[in-house]
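Residue numbers (our numbering): 13 to 587.
Every residue gets a Cβ at the ideal spot worked out from N, C-alpha and C, and that includes glycine.
All figures in this text were calculated on a predicted structure; none of them were measured in a lab.
The block underneath contains the structure these notes are about, expressed in structure tokens.
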């Protein structure tokens, strides 16, 4: 191992835990402790947002409860300081893994804007009380810089609560209250600046009976601001420039607030409708279809009652579509926690592998049947089995009235028809009429889904077939001779298949040999052709042969010698 790799290994090794780590653990930002701390921080932040501005605009409120304000102020400052400590001990994700190294956490936190805002919100500006006096709460306006923490707490609560739409409405009402509260405080401060009772628009003179009380001052200001921001009207006309500017600003704020409220409420309503459409089937399309096709009133009433039953009793028939966005393993865990106890009651599935049951749970399809509706009839082809989750079903005669037995929650039927058991005298046909007495919730498992799952578990398939065979023997529905004949036929078929496989292997071997010989012959021929091409290139051209004849004419012996040489070279060249 090189020196560089040793250095990398040493750096990637996490440091050993110390006592300080045990006393100051690193919080998971998605954990419960961090969530509850965020909810705790809501109180000091809301206190500063609401009370500080109210104390600054209503002097009587500041003077009357000065000691209580000091206690609450420095309690909120203490929580702000603790929140910075929590930030230094809150991990973060890096490549999907929670980082718990406090040095890395601190280094990352101090480089963010959140750290600067947190420090600015704790600057001791109220130290100026020593020179200016304790009745100037505006010195604490820097505490508003911790508002992003409030938004984070609201976002976490919205994702965790079981009623997100109700929480969104409550959050919107809080925002509206804060805006009206601030506006009422500014209205009272502007009235005091312009002079109480100077005209009909400002707050009346406190010297009048009833208007000197603090509660009356705040409620009057809040009522006046509500009238302006809701654009209800019925407010006195402004008489001064400051009043006109205040009204114009409030009108613009009201327009923006109205748009925000309408958008938020539309979003909430849309989310609620989307959730209902995801959980329950759309009955409006079915009702329109039945109306266009002139379906009789009795059948239409049954369909409407079925939809009404689903919505009133919160029955879901499309669980697969609802959970489709979850990862496969997480979806399996959710389905197991909901339906595994029901599936494990089925006799043929008892003592099966846990992984097999998990696969089967994902294949269960919930179905709801109305009173008097047949689940299956005698002689129908059995393509699925049913597990009763809730309700009662009756095994009835062909007349539909006589009842042979009543099946309750936890029972099942149709399991034999989806398992191919040799010698089954009833084949894959239904042997009884099953009718729902009331509203019944069933789980349906199709033959194709079971076959798909069992293809990966051959041992479990053999066990289930053996259990089904035992059930058929008890019911006298198993033909042993037919079973033996089918087994013999299957063995003969398998033997023939093995023989065909062997013959196919032999043919493939012979074909491979022939192919190899053909390739070898082709290579040899190509080599001989290439050799002949090289040899023919050395032969003289016709023009060269003509010149050689001219030169050989003066001497007869010379031509004979040439012919002898040509005769000697020709055969050798051909060779």
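Keeping to the same chain, check which residues put their C-beta closer than 8 angstroms to that of residue i; ignore five residues upstream and five downstream.
i: residue 34; result: Any reading at residue 34 must be qualified, since the residue scores a pLDDT of 48, below 50, and its modelled position is unreliable; no value is offered.
i: residue 270; result: 243
i: residue 402; result: 421, 452 and 453
i: residue 62; result: 190 and 193
i: residue 46; result: 39, 40, 98 and 102
i: residue 197; result: 65, 66, 68, 69, 70 and 233
i: residue 141; result: 148 and 151
Report the CB separation of residue i from residue j in whole angstroms; it is logged as a contact under 8 angstroms.
i: residue 117; j: residue 104; result: 7 angstroms
i: residue 370; j: residue 333; result: Between residue 333 and residue 370 the Cβ distance is about 20 angstroms, and since that is not below 8 angstroms, they are no contact.
i: residue 232; j: residue 215; result: 6 angstroms
i: residue 455; j: residue 398; result: 7 angstroms
i: residue 380; j: residue 327; result: 5 angstroms
If I follow the unbroken beta strand (DSSP E) through residue i, where does it start and stop?
i: residue 388; result: 386-388
i: residue 401; result: 396-402
i: residue 456; result: 452-458
i: residue 111; result: 109-111
i: residue 104; result: 104-106
i: residue 447; result: 445-448
i: residue 323; result: Where residue 323 is concerned, there is no enclosing beta strand (DSSP E), although the alpha helix (DSSP H) it sits in stretches over 309-324.
Based on DSSP bridge pairs, tell me the residues matched to residue i.
i: residue 415; result: 408
i: residue 522; result: For residue 522, which the question treats as bridged, DSSP gives no partner whatsoever.
i: residue 370; result: In the DSSP output, where bridge partners are listed per residue, residue 370 has none listed.
i: residue 425; result: 398
i: residue 393; result: 441
i: residue 381; result: 452
i: residue 131; result: DSSP, once it has assigned bridges, lists no residue as partnering residue 131.
i: residue 39; result: 102
Excluding five sequence neighbours on each side, which residues of the same chain lie with their C-beta closer than 6 angstroms to the C-beta of residue i?
i: residue 70; result: none
i: residue 184; result: 276
i: residue 309; result: none
i: residue 138; result: 151 and 152
i: residue 157; result: 129, 132 and 133
i: residue 426; result: 394, 397 and 398
i: residue 106; result: none
Considering only residues of the same chain and omitting the five flanking positions on each side of residue i, which have a CB-CB separation below 7 angstroms?
i: residue 187; result: none
i: residue 449; result: 383, 404, 405 and 406
i: residue 459; result: 395, 396 and 430
i: residue 466; result: 472 and 473
i: residue 73; result: 66, 67 and 226
i: residue 166; result: 183
i: residue 298; result: 315
i: residue 177; result: 280, 283 and 284
i: residue 179; result: 169, 170 and 173
i: residue 209; result: 216 and 217
i: residue 250; result: 213, 256 and 259
i: residue 358; result: 399, 424 and 427
When the Cα of residue i is compared with those of the options, which residue comes out closest?
i: residue 603; options: 535, 515 and 325; result: The requested residue 603 is not part of the displayed model; the chain covers only 13 to 587.
i: residue 91; options: 58, 252, 532 and 433; result: 58
i: residue 433; options: 76, 82, 490 and 349; result: 490
i: residue 445; options: 419, 464 and 465; result: 419
i: residue 476; options: 196, 462, 259 and 417; result: 462
i: residue 248; options: 503, 508, 212 and 299; result: 212
i: residue 80; options: 64, 93, 95 and 94; result: 64
i: residue 351; options: 373, 339, 367 and 303; result: 373
i: residue 205; options: 229, 254, 240 and 84; result: 254
i: residue 317; options: 259, 376 and 385; result: 385
i: residue 412; options: 224, 307, 391 and 447; result: 447
Looking at residue i and the ligand ZN, is the gap between the Cβ and the nearest heavy atom below 7 angstroms?
i: residue 376; result: No copy of the ligand ZN occurs in the structure displayed, which carries no ligand at all.
Which first and last residues belong to the alpha helix (DSSP H) in which residue i is found?
i: residue 176; result: 176-206
i: residue 76; result: 71-76
i: residue 229; result: 226-241
i: residue 362; result: Segment: none, residue 362 is in no alpha helix (DSSP H) and carries neither H nor E.
i: residue 145; result: Note, residue 145: premise wrong, no alpha helix (DSSP H); not H, not E.
i: residue 48; result: 44-59
i: residue 166; result: 159-172
i: residue 120; result: 114-122
i: residue 295; result: 295-304
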